[in-house]
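Working notes, structure below.
Residue numbers (the working numbering): 11 to 189.
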C-alpha cells in the first residue's frame with residue numbers, strides 16, 4: 011500500500027501529519043470475494059459500550075485459539091448487522107483456515123462469497139462514518155445497493171495512535187434491480 015511505502019522512505023513529521031488527516035486512503039473498489047471460514051462471537055451491545063464489547067470478544071476468541079494452539083488466518087473484523095444509537099448487533103471474529111469445535115458463545119461459520127465494495131481508511135474509528143457516506147454516494151452513482159450489513163477489518167490497534175488505525179470497510183452489494 012502506498013501509505014506503508016511512504017513511511018519506509020522516512021517522510022517529514024509535517025507530511026506524516028497531513029497523511030493522517032486524509033481518512034480514506036484508497037479508491038472505493040468493487041471486488042468479488044470468496045467464501046471465508048470464520049471463528050466469531052455474535053452479540054448485541056450499546057453504542058457507548060461497543061468498543062469494550064469488541065475488545066472483550068477479540069480477547070475471548072484469541073484465548074480460545076491459543077488454547078487450541080491455532081492461529082487466525084487474518085486480522086480481526088467486525089460485522090455490523092444493525093446499528094442504532096441504542097443498540098448495535100455485531101459479530102466479532104477472525105478468518106480461520108479450518109473449522110474448529112465451538113465453545114460457549116464462540117462459533118464457527120462462513121462469510122458468504124459475493125460482490126463487495128471496499129476502501130481503506132486511516133484514522134480514528136469515530137471518523138469512519140464519513141467513509142460510509144462516501145461509499146453510499148459511490149453505490150448510488152454506480153447503481154448498486156447493499157443488504158444493510160457492513161464489514162470492518164482492523165489491521166492494527168493496540169500500540170498505535172488513533173490517527174494510525176488502518177481499517178478496511180466492505181459492503182456486500184447487488185445491482186439495484188437484482189432484489
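All C-beta atoms, glycine included, are put in the ideal place defined by N, C-alpha and C.
Span of the beta strand (DSSP E) around residue 42: Here residue 42 refers to the residue found at position 32 when the chain shown is read from its first residue. Per DSSP, residue 42 belongs to the beta strand (DSSP E) from 39 to 43.
So the candidates are 38, 130, 103; which of them puts its Cα closest to the Cα of residue 65? As a first step, residue 65 is located in the chain shown; it is residue number 55 there, counting from the start. Residue 103 is the option with its Cα nearest to residue 65.
Am I right that residue 96 and residue 62 are in contact with their C-beta atoms under 8 Å? What's the rounded C-beta distance? Residue numbering aside, residue 96 sits at position 86 when the chain shown is read from its first letter. Residue numbering aside, residue 62 sits at position 52 when the chain shown is read from its first letter. That belief does not hold up - the Cβ atoms of residue 96 and residue 62 are roughly 16 Å apart, past 8 Å.
Over what stretch of residues does the beta strand (DSSP E) that includes residue 54 continue unbroken? The residue you call residue 54 lines up with position 44 of the chain shown. Its beta strand (DSSP E) spans residues 46 to 55.
Classify residue 67 as helix, strand or coil using the three-state DSSP reduction. Taking the first residue of the chain shown as 1, we reach residue 67 at position 57. Correct three-state label for residue 67: helix.
Is residue 160 buried or exposed, if buried means 16 or more other CB atoms sit within 10 Å of its CB? Against the chain shown, residue 160 aligns to sequence position 150. Residue 160 is buried by the Cβ-count criterion.
Leaving out five residues before and five after residue 83 in sequence, what residues of the same chain have Cβ atoms less than 6 Å from its Cβ? By one-based count along the chain shown, residue 83 stands at place 73. So the list reads 105, 106, 107, once near-sequence residues are dropped.
Within the chosen definition, does the stretch 106 to 120 reach the stretch 151 to 166 through at least 3 CB pairs nearer than 8 Å? no
Shortest alpha-carbon distance to residue 116 belongs to which of 69, 46, 174? By 1-based counting over the chain shown, the position of residue 116 is 106. Comparing Cα-Cα distances from residue 116 to each of 69, 46, 174, the minimum goes to 69.
I'd like to know if the stretch 142 to 151 and the stretch 72 to 89 are in contact, where contact means that at least 3 CB-CB pairs between them fall below 8 Å. Judged by Cβ distances under 8 Å, the stretch 142 to 151 makes no contact with the stretch 72 to 89, as fewer than three pairs qualify.
Which stretch, first to last residue, makes up the beta strand (DSSP E) that contains residue 178? By 1-based counting over the chain shown, the position of residue 178 is 168. From DSSP, the beta strand (DSSP E) with residue 178 extends over 176 to 185.
Alpha-carbon spacing of residue 184 relative to residue 148, whole angstroms: As a first step, residue 184 is located in the chain shown; it is residue number 174 there, counting from the start. As a first step, residue 148 is located in the chain shown; it is residue number 138 there, counting from the start. Rounded to the nearest angstrom, the two C-alpha atoms are 13 Å apart.
Residue from 109, 110, 132 with nearest C-alpha to residue 175: Position 165 of the chain shown, counted from the first residue, corresponds to residue 175. Out of 109, 110, 132, 132 has the C-alpha closest to the C-alpha of residue 175.
With a Cβ-Cβ cutoff of 9 Å, do residue 134 and residue 172 count as a contact? Position 124 of the chain shown, counting from 1, holds the residue named residue 134. Position 162 of the chain shown, counting from 1, holds the residue named residue 172. Taking 9 Å as the Cβ cut-off, residue 134 and residue 172 qualify as a contacting pair.
Does the distance from the C-beta atom of residue 199 to that of residue 71 stay below 9 Å? Residue numbering for the chain in the displayed model covers 11 to 189; residue 199 lies beyond these limits and cannot be assessed.
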